[in-house]
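Scroll down for the structure; my scribbles are underneath it.
Residue numbers (the UniProt record's numbering): 1 to 116.
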């Protein structure tokens with residue numbers, strides 16, 4: 001088995017995503033989206049910038065795109081109006097759940113020796 005063989009299921013997952021009529025997210029947008037949905041909050045631009053080691057404007061641009069898609073929502077912190085929190089949305093949860101389902105399906109097919 002070659003070291004790149006581990007990437008075959010991910011290639012198929014990516015191809016599945018390209019074939020579907022779903023938003024084509026950048027790696028940065030995916031990283032942010034999955035961080036918001038899979039890690040405990042609160043999520044802020046400052047915290048994500050520190051966690052990812054990239055500038056705040058880069059985080060903000062990715063959040064802009066995710067917000068336009070309806071996958072995240074920005075809201076003011078009720079305790080400190082200077083802080084903007086990043087929150088999940090129903091559309092974002094559906095998108096992430098559907099992606100997780102496709103990953104699970106491809107992983108199962110890979111474990112069974114099929115699908116490639």
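By construction, the Cβ of each residue, glycine as well, lies at the ideal position given by its N, Cα and C atoms. As the structure is a computational prediction, the values presented were derived from the model and not from experiment.
| query | result |
| --- | --- |
| Within the UniProt domain "HTH marR-type" (1-116), ranges of the beta strand (DSSP E) (whole runs, at least 3 residues) | 72-77 and 80-88 |
| 8 Å Cβ shell around residue 24 - same chain, five flanking residues per side excluded | 17 and 18 |
| Nearest to residue 87 (by Cα), restricted to the options 96, 71, 98 and 46 | 71 |
| Given 8 Å, three or more beta-carbon pairs between the segment 91-100 and the segment 28-48 | yes |
| Same chain, Cβ closer than 7 Å to residue 69, five either side skipped, listed in chain order | 23 |
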